[in-house]
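Visitor: Which chain is which? The protein sequence lines are A and B, in order. To convert, note that position 200 of the first sequence is 200 in the numbering used here; the numbers rise steadily by one, no gaps. To convert, note that position 101 of the second sequence is 101 in the numbering used here; the numbers rise steadily by one, no gaps.
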Amino acid sequence: MNAEAPETTSEPASADMQRAGPGQPEAFTFTGSGSEYFRIWIVNLLLTIVTLGIYSAWAKVRRTRYFYANTRLAGSSFDYHGSPLAILRGRIVALLLFGAYNIAFRVSDAAGFAMLLVLGALIPWMLWKSLQFKLYNSSYRGIRFGFGGSAGKAYFVYLVLPVLSALSLLLLVPFTHQRIKKFQHDHSRYGATSFSFHAAPGRFYKAYLVASAVGLGGMLAIMLAFGGALAGLAEAGGLRGAGPAAVGTLILFLLVLYAWIFSFLPVFFTLLQNLIWNNTRLGEHRFESRLRAGRMIFIALTNLIGIVVTLGLFIPFAQVRTLKYRIESMSLIPSGSLDAFLADAQQQASATGEGAADLLDVDLSL
Amino acid sequence: MHETIPAFYFDGKSSRRFPVSLTVQDRVAVISGEVQRACPLAELRVSERLRHAQRTVTFPDGAYLEILDPVAFDRLLATTGHEDSFVVRMQQSWRGALAAFALTAVVLFLGYLYALPAAAGFAARALPEQAERMIGGETLAFLDRRLLEPSAMPPARRDALAARFKAMVTPRPGAPGYEIVFRKSRIGPNAFALPSGQIVLTDEIVDLLNDDDAVMAVLAHELGHLHERHLMQRMIQGTMIGAAATVLFGDVSSVVASIPTIMLDLKYSRDAEREADDYAVAMLKANGSGPAALIRSFEALEKETGDRSPYLSSHPPAAERIERIRSAR
C-alpha cells in the first residue's frame, strides 16, 4: 500500500506543466499491474463464459479503460468511451460473417468463393468503421481523437493494394504496409490537430529485408546445427528405424525451430513499431520509440513459458508486461506546450448527433 | 464533513488543465479555483475504482475532473452514498477474483463434460437433415480424388451386401436416408459415414472381416453415426472448443491454442464411437442376433491395425469397446 501513495496523492501540478516546454521529451508511462489486471481478466472471463460471450463487449470496455487509464503522458491519462452495445453489434456481425465463410467452403467451392467476394467487399468498410470507432472513442485530457480518412482510400489500401501485393508475389507487401500505416496515421487527429506520417516506402522495404535476413539466417543456423543428426535420421529410414536418441534430437530440433519462429515475430514487431512511431508527428510534436528486439524476445519467450506452465493463468500478467514495455519505450517530444490542443469543433457537434451511434466496432486491427 | 479535494479540471474544449478543488454541498458538486462550476451529483459519472489509475468525474458535456487525492475522494464518495458496482467489487478484491477463478474452472469443466455435448447434440438433431447434407456435399468427391478408387468387388456381391443391410430394421424409427458406397482404399481397411449420408465401405474391410455378419455390424455402427447426427454434433463441438481456445490462447500463439483443441476434441470423438457401438448392438438385437458379430469386427480390425495407445486416440481401445458391449448384455 505504501508504494502507491506517492504516485497518486500529490502530483506536482504546476511543475508538470512547465516541464512540458519545447524539446523536453515526455515519456509515456504505464501504471497497470499484472495482479490487478488478473482480477479484472478473470472476472471478465467468468462473465463472458456464463453469458455465452455476450458480456465480452462489456469486458472489452473494462479492459480497454483499464489500459487507457493506466497509460499516462505528461501527468494525464487516456480514457476510453466505447459503448458496449456498439461493440456487441460489431461482434455479432463479425461472427455471422466468419461463420458464413466457414460453412460456405464446406457447402461448395462456388459458395466459398462467392463468400470470399462478399468479405472482400465488406472488410475494408469494417476496418474503416472500426478505425473511426476506436479513435473517436479515445481521449486524452478530455479531447477526443478522430479519424478523417475516406472510404474510397480505405478500399484502396485494404483491398486493391493487398490484391496487387498477392499478384506481385509479395514484392509489394512492404509498400502496402507503408500505405496502410500512412492512411491510418495521416488521417488521424487529436482534437483539431492532425497526425502525419513521414516514413517513405523505402524504409519499410529495409525493415522487411532486415527482418527476413535475421529470420532466414537464424533458420539456416538451426538447420546447420541439426543437419548431421537429421541426415542420420533420414538414412536410418525415418522414425521407425531410429533410436530414442534420434527421436529426441528431432523433437529438440522442432522445439528450437518453433522457438526461433516465435522469437522472430518480436524482432519484426520491434523494427516496425520503432519505424512507425519515430516517423509520426502530431502537429509539430514528434514521437520517439526505443523498443529493443532483445528485450522483446525475452518478454515473448518468458511469457510463452509462463502461459504454458500455468495453463493460461499467466496471460493477464503477460499482456501487462508486454504492454508496459511497449508503452514505456515511447515518448513524446513536444515542440511547445501540451496545453494548447483544441477540440475539433465540427466533431463535437456531430458527436452528440446520430453519427456516433451508428459506428460499429469490429476487432480488426491491422 | 465538507471534504475539499484537489483535482485537475479539463473542459473538453482544450487540453489545458486547470487546478481546482471539489466540494459537495447538498448533493451538488462545486468546483472552485481556476474554474467555477456546479453540477448536481446525479448528472455526474464517477469512473470505476482502479488501484493505480486516477479516478475521474465526468460532467454531462464531456468535461471531467482528475482526482488527485484518492483517499479523501473515497471518504467523499462514502458520504454521498456512491457504491461500486458488483463487478468492480469483485475485480478489486482477491476473494472475489479467486471466487471468479473457481467458478470459471467449474463452469468450463461442467460445460465441457455435459453442457456442450448436450447443447451440440440438441442443435444437431434440431437442424434439418438438409443442412448436414449441404455441408458434406463435396466430401466424397474430394476423397475420391485423393484416397479412394472405384471398388473392385463384383457388382452382384456389392448389391447383395447393400440389400442385406437395407432389409435390417433400425433400433428406432426415423433413420436418415443413407447410401452405401463401395470403394477401394489407399489407406487400408476402413468404413466411415459422411455428413452427406453416404456410408463408405472399402473392399479391404470386407476382405479382412471375411464375415458378412461382421460387415453388417460395421455398417450398423456407421448408420449409428448418421442416425445420432454425430457429424453435425462433432462439428458444432469442435467449433465451440476452437473458439474458446482462441479466446483464451489465440493472442499467445496459434500452435498453443490448437493443442487443447485437439486434445479436448478427442474425448468427444471417443464418446461418439461408444454411442455408435451402442446403436450397432441395439440394431443387431432388433434383428434377432447378439453383439458377437460386432465384437468379431473389432477383434479383426485390432489385429490389423495393432494396439494403439488409448490416449491421443480418436477411438476407444478395442478391448475396452468389447468389454463394454459384453458387460451391457
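The beta-carbon is built from N, C-alpha and C at its ideal position, and this holds for glycine as well. All values derive from a computational prediction rather than experimental measurement.
1. Looking at the structure shown, is B/Leu194 part of a helix, part of a strand, or coil, going by DSSP?
2. Would you list, in sequence order, the uninterrupted beta strand (DSSP E) runs of no fewer than 3 residues that lie entirely inside the region 64-93 of chain B?
3. Anything in chain B within Cβ reach of A/Leu338, meaning under 8 Å, just list it in chain order.
4. Express the C-alpha separation of B/Trp94 and B/Tyr112 in angstroms, rounding to a whole number.
5. Give, in chain order, every unbroken run of the beta strand (DSSP E) that is at least 3 residues long and sits entirely within the region 72-135 of chain A.
6. How would you call A/Asn303, buried or exposed, if buried means at least 16 neighbouring beta carbons within 10 angstroms?
7. Since B/Arg234 contacts B/Tyr268 with CB under 8 Å, what's their CB separation in whole angstroms?
8. For A/Ala221 and A/Leu169, I'd like the C-alpha separation in whole angstroms.
9. Any beta carbon from chain B within less than 8 Å of A/Ala343's own beta carbon?
10. So is A/Val118 in contact with chain B if we call contact Cβ pairs under 8 Å?
11. I'd like to know whether the C-beta of B/Gln331 is nearer than 8 Å to at least one C-beta of chain A.
12. Looking at the unbroken beta strand (DSSP E) that takes in B/Val181, where does it start and where does it end?
13. CB of A/Ser83 to nearest heavy atom of the ligand GDP: below 7 Å?
14. Between the C-alpha atoms of B/Pro40 and B/Arg27, what's the straight-line distance to the nearest angstrom?
15. Measuring straight from C-alpha to C-alpha, what distance separates A/Ile180 and A/Trp125?
16. What's the gap between the Cα of A/Phe183 and the Cα of A/Asp79?
17. Is A/Gln319 buried or exposed, if buried means 16 or more other CB atoms sit within 10 Å of its CB?
18. Closer than 8 Å, Cβ to Cβ, to anything on chain A: give me those residues from the region 102-118 of chain B, in chain order.
19. Compute the beta-carbon to beta-carbon distance between B/Ile199 and B/Leu219, rounded to the nearest angstrom, for a pair I have assumed lies under 8 Å.
20. Strictly below 7 Å CB to CB, what residues from chain B border A/Ile103?
21. Closer than 6 Å by C-beta to B/Arg55: which residues in its own chain qualify, once you throw out the five before and the five after it? Chain order, please.
22. Taking A/Asp370 as the query, report the chain B residues whose CB atoms sit under 9 Å from its CB, ordered along the chain.
23. Give the secondary structure of A/Leu338 by DSSP, where H, G and I count as helix, E and B as strand, and everything else as coil.
24. Compare the beta carbon distance of A/Leu371 and A/Val210 with 8 Å and say whether it is the shorter of the two.
25. Pull up the distance between the alpha-carbon of B/Ala105 and that of A/Leu252, whole angstroms please.
26. The beta strand (DSSP E) spanning A/Leu282 covers which residue range?
27. Quick check: the Cα distance between B/Ile241 and A/Leu52, rounded to an integer number of angstroms?
28. In angstroms with no decimal places, state the Cα-to-Cα distance between A/Val43 and B/Ala115.
29. Can you pull the chain B residues whose beta carbon is under 8 Å from the beta carbon of A/Gly248, in chain order?
30. At 7 Å on the CB atoms, spell out the chain A contacts of B/Phe182, in chain order.
31. Our contact map puts B/Arg270 next to B/His227 with C-beta atoms below 8 Å; I'd like the distance itself, whole angstroms only.
32. Going along the region 200-223 of chain A in order, which residues come within less than 8 Å of chain B, judged by CB to CB distance?
33. Could you tell me whether the Cβ atoms of B/Leu49 and B/Val87 are closer together than 8 Å?
34. Step through the CB atoms of chain B and report whether any lies within less than 8 Å of the CB of A/Val93.
35. Among B/Val24, B/Pro176, B/Ala63 and B/Ala118, which one has its Cα closest to the Cα of B/Asp74?
36. Anything in chain B within Cβ reach of A/Ile42, meaning under 7 Å, just list it in chain order.
Guide: According to the data block:
1. Position 194 of the second sequence, counting from 1, holds the residue named residue 194 of chain B. Here B/Leu194 sits in coil by DSSP.
2. 64-67
3. Taking the first residue of the first sequence as 1, we reach residue 338 of chain A at position 338. Ordered by position in chain B, the residues that pass the 8 Å Cβ test against A/Leu338 are Ser15.
4. By 1-based counting over the second sequence, the position of residue 112 of chain B is 112. By 1-based counting over the second sequence, the position of residue 94 of chain B is 94. Their backbone Cα atoms lie some 27 Å apart in a straight line.
5. 76-80
6. For the purposes of this step, residue 303 of chain A is taken as residue 303 along the first sequence, with counting starting at 1. Its Cβ being crowded by 16 or more others within 10 Å, A/Asn303 is buried.
7. Indexing the second sequence from 1 puts residue 234 of chain B at position 234. Indexing the second sequence from 1 puts residue 268 of chain B at position 268. Yes, B/Arg234 and B/Tyr268 are in contact; Cβ-Cβ is about 6 Å, under 8 Å.
8. Translated into positions along the first sequence, residue 221 of chain A becomes position 221. Translated into positions along the first sequence, residue 169 of chain A becomes position 169. Cα to Cα, the separation comes out at about 26 Å.
9. Taking the first sequence and counting its residues from 1, one reaches residue 343 of chain A at position 343. For A/Ala343, the answer is yes, since a Cβ of chain B falls inside 8 Å of its Cβ.
10. Here residue 118 of chain A corresponds to residue number 118 of the first sequence, with the count starting at 1. False, the Cβ-Cβ gap to chain B never drops below 8 Å.
11. The requested residue 331 of chain B does not occur in the structure, where chain B is confined to residues 1 to 329.
12. Position 181 of the second sequence, counting from 1, holds the residue named residue 181 of chain B. Counting along the chain, the beta strand (DSSP E) containing B/Val181 begins and ends at Glu179 to Ser185.
13. Within the structure as shown, the ligand GDP is missing, as the structure has no ligands at all.
14. Indexing the second sequence from 1 puts residue 40 of chain B at position 40. Indexing the second sequence from 1 puts residue 27 of chain B at position 27. Roughly 6 Å between the two C-alpha positions.
15. Sequence index remark: in the first sequence, residue 180 of chain A carries index 180 (1-based). Sequence index remark: in the first sequence, residue 125 of chain A carries index 125 (1-based). Distance between the alpha carbons of A/Ile180 and A/Trp125 is about 14 Å.
16. Within the first sequence, numbered from 1, the residue matching residue 183 of chain A stands at position 183. Within the first sequence, numbered from 1, the residue matching residue 79 of chain A stands at position 79. Going by the C-alpha atoms only, they are around 24 Å apart.
17. Residue numbering aside, residue 319 of chain A sits at position 319 when the first sequence is read from its first letter. Label assigned to A/Gln319: buried.
18. Leu103, Thr104, Val107, Leu108 and Gly111
19. Within the second sequence, the letter at position 199 stands for residue 199 of chain B. Within the second sequence, the letter at position 219 stands for residue 219 of chain B. Confirmed, Cβ separation roughly 6 Å.
20. Here residue 103 of chain A refers to the residue found at position 103 of the first sequence. The contacting residues are Ile135.
21. For the purposes of this step, residue 55 of chain B is taken as the residue at position 55 of the second sequence. Once the five neighbours on either side are set aside, the close Cβ partners of B/Arg55 are Ser47 and Ile67.
22. With chain A covering only 1 through 366, there is no way to say anything about residue 370 of chain A.
23. The sequence position of residue 338 of chain A within the first sequence is 338, counting from 1. Note: A/Leu338 maps to coil in three-state DSSP.
24. Coverage of chain A is limited to positions 1 through 366, which leaves residue 371 of chain A absent and any answer about it impossible.
25. Indexing the second sequence from 1 puts residue 105 of chain B at position 105. Indexing the first sequence from 1 puts residue 252 of chain A at position 252. Cα to Cα, the separation comes out at about 33 Å.
26. Position 282 of the first sequence holds residue 282 of chain A. Segment Thr280 to Leu282, the beta strand (DSSP E) holding A/Leu282.
27. As a working note, residue 241 of chain B is residue 241 in the second sequence. As a working note, residue 52 of chain A is residue 52 in the first sequence. Their backbone Cα atoms lie some 13 Å apart in a straight line.
28. Your numbering for residue 43 of chain A matches position 43 in the first sequence. Your numbering for residue 115 of chain B matches position 115 in the second sequence. Whole-angstrom Cα-Cα distance: 21 Å.
29. Against the first sequence, residue 248 of chain A aligns to sequence position 248. Those within 8 Å of A/Gly248 in chain B number zero; the least Cβ separation is about 19 Å.
30. Taking the first residue of the second sequence as 1, we reach residue 182 of chain B at position 182. Simply none; closest approach about 25 Å.
31. In the second sequence, the residue the question calls residue 270 of chain B occupies position 270. In the second sequence, the residue the question calls residue 227 of chain B occupies position 227. Going by Cβ atoms, the distance from B/Arg270 to B/His227 rounds to 18 Å, so no, they are not a contact pair.
32. none
33. Along the second sequence, read from residue 1 onward, the residue named residue 49 of chain B stands at position 49. Along the second sequence, read from residue 1 onward, the residue named residue 87 of chain B stands at position 87. Looking at the sequence provided, one finds Arg at residue 49 of chain B rather than Leu. Against a cut-off of 8 Å, the Cβ pair of B/Val87 and B/Arg49 comes out as no contact.
34. Your numbering for residue 93 of chain A matches position 93 in the first sequence. For A/Val93, the answer is no, since every Cβ of chain B falls outside 8 Å of its Cβ.
35. The count along the second sequence starts at 1 and reaches residue 74 of chain B at position 74. Checking every option, the nearest Cα to that of B/Asp74 belongs to B/Val24.
36. Reading the first sequence from its first residue, position 42 is the one you call residue 42 of chain A. The answer, in chain order, is Ala97, Ala100, Phe101 and Thr104.
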